[in-house]
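> Please read through the structure below; I'll follow up with questions.
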Amino acid sequence: MSIEVFNEDPSLPVNEAMLIDVASFALAKMDVHPAAELAIMIVDEPTIEGMHEQWLGLPGPTDVMSFPMDGYSAVTSRPDTPDAMPMSLGDIVLCPVFAEKQAKRAGHDLAHELALLTVHGVLHVLGYDHVKPEEEQTMFGLQNTILRAWYDHLAETGETYHPRPDNEQAFPTAADRLDLDRQMAEDGRIPAVALSPEDTNNQQQPADPTEGAEDQPTTDPNNDHPGRK
Numbered sequence: 004m005s006i007e008v009f010n011e012d013p014s015l016p017v018n019e020a021m022l023i024d025v026a027s028f029a030l031a032k033m034d035v036h037p038a039a040e041l042a043i044m045i046v047d048e049p050t051i052e053g054m055h056e057q058w059l060g061l062p063g064p065t066d067v068m069s070f071p072m073d074g075y076s077a078v079t080s081r082p083d084t085p086d087a088m089p090m091s092l093g094d095i096v097l098c099p100v101f102a103e104k105q106a107k108r109a110g111h112d113l114a115h116e117l118a119l120l121t122v123h124g125v126l127h128v129l130g131y132d133h134v135k136p137e138e139e140q141t142m143f144g145l146q147n148t149i150l151r152a153w154y155d156h157l158a159e160t161g162e163t164y165h166p167r168p169d170n171e172q173a174f175p176t177a178a179d180r181l182d183l184d185r186q187m188a189e190d191g192r193i194p195a196v197a198l199s200p201e202d203t204n205n206q207q208q209p210a211d212p213t214e215g216a217e218d219q220p221t222t223d224p225n226n227d228h229p230g231r232k
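Here you go:
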């Protein structure tokens, strides 16, 4: 795998090697061809807030957004054939400042939260989503299976990036994450990976041209890669 990390916000310590490791592990678990390419961007809250508004029509910052390569699907076009050419899967954008607040609410450290969000982002660029209940169950199930397997792999190889957490929300169900998102919303933060459009629209939000917009990608004439979170 070719995975590059672009750190545009050094305000918090982020182990870039860990991000690459967990992303590589997730891609391998999903049988993605080793020629595949992925970019991970680390940004501050104002940057991801702008992206959140531009691509999803939602105000405020969030923890992770994914920009799958247009036309890619883990089901129909996974580059796992022997003669596959290098292919960009897309971009994952992480906001550690937001994620740190979320991690504290959930009861684990920032490093684990970023690992979780990276796996979440990988699944999005592979075409998975959590809009419908059955999609939600599949995606969060895969997310937890991959994350647990990664920690098992680290234990077997003797590699350690951070302690494996044992709190309930470390490997959350969609319902767990929805509850966390609502707590973040109470703090004036926009929900992250699990809130549905209905939940989002029911939150108190300032008057804004995008108020009431559904949690769906928007279209930009100069960019065909919609964002997901």
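All residue numbers for the sequence shown refer to our numbering, where the first residue is 4 and numbers rise by one.
Note that CB positions come from ideal geometry on N, CA and C, so glycine has one too.
1. Apart from the five residues just before and just after His-55, which ones in its own chain have a Cβ nearer than 6 Å to its Cβ?
2. Using three-state DSSP, classify Ser-35 as helix, strand or coil.
3. Please work out which residues of its chain come closer than 6 Å, Cβ to Cβ, to Pro-175, disregarding the five sequence neighbours upstream and downstream, and give them in chain order.
4. How far does the beta strand (DSSP E) with Val-122 in it reach, from first residue to last?
5. Looking only at its own chain, which residues have a Cβ that is under 6 Å from the Cβ of Asp-12, when we skip the five neighbours before and after it?
6. Have a look at Val-100 and Asp-34 and give me their C-alpha separation to the nearest angstrom.
7. Please classify Pro-62: does DSSP put it in a helix, a strand, or coil?
8. Pull up the distance between the alpha-carbon of Ser-5 and that of Ala-178, whole angstroms please.
9. Please confirm whether Leu-150 and Val-122 have their CB atoms less than 8 Å apart.
10. Report the rounded CA-to-CA distance for Leu-129 versus Leu-145, giving the unit in angstroms.
11. Give the straight-line distance between the Cα atoms of Val-125 and His-36, rounded to the nearest whole angstrom.
12. In the DSSP assignment, what are the bridge partners of Ile-23?
13. With burial defined as no fewer than 16 other Cβ atoms inside 10 Å of the residue's Cβ, what is the status of Gln-172: buried or exposed?
14. State the beta-bridge partners of Met-68 as determined by DSSP.
15. In this structure, how does DSSP classify Gly-147 when only helix, strand and coil are distinguished?
16. Quick test of your reading: Asn-147 and Ala-109, contact by CB under 8 Å. State the CB separation rounded to the nearest angstrom.
17. Straight-line CA distance for Ala-106 to Ala-38?
18. Roughly how far, in whole angstroms, is the beta-carbon of Phe-9 from the beta-carbon of Ala-31, given that I think they are within contact range, below 8 Å?
19. Would you call Lys-262 buried or exposed, if buried means 16 or more other Cβ atoms sit within 10 Å of its Cβ?
20. Grouping DSSP H, G and I as helix and E and B as strand, with all else coil, what is Phe-174?
21. Just to confirm, is the Cβ distance from His-115 to His-165 under 8 Å?
22. Between the C-alpha atoms of Glu-139 and Asp-132, what's the straight-line distance to the nearest angstrom?
23. Determine the direct distance from the alpha carbon of Ser-91 to that of Lys-104, and round the result to whole angstroms.
Well, looking at it:
1. Leu-61 and Thr-65
2. Note that residue 35 corresponds to Val in the displayed sequence, not to Ser. Coil.
3. none
4. Careful: Val-122 lies outside any beta strand (DSSP E), inside the alpha helix (DSSP H) at 113-128.
5. Ile-45, Val-46 and Asp-47
6. 32 Å
7. coil
8. 33 Å
9. yes
10. 12 Å
11. 14 Å
12. Its beta-bridge partners do not exist; DSSP assigns none.
13. buried
14. Val-96
15. Checking the sequence, you will find Asn at residue 147 rather than Gly. Residue state, collapsed to three classes: helix.
16. Between Ala-109 and Asn-147 the Cβ distance is about 14 Å, and since that is not below 8 Å, they are no contact.
17. 33 Å
18. Going by Cβ atoms, the distance from Phe-9 to Ala-31 rounds to 22 Å, so no, they are not a contact pair.
19. Examination of residue 262 is not possible in this model, given that the chain is present from 4 through 232 alone.
20. coil
21. yes
22. 7 Å
23. 31 Å
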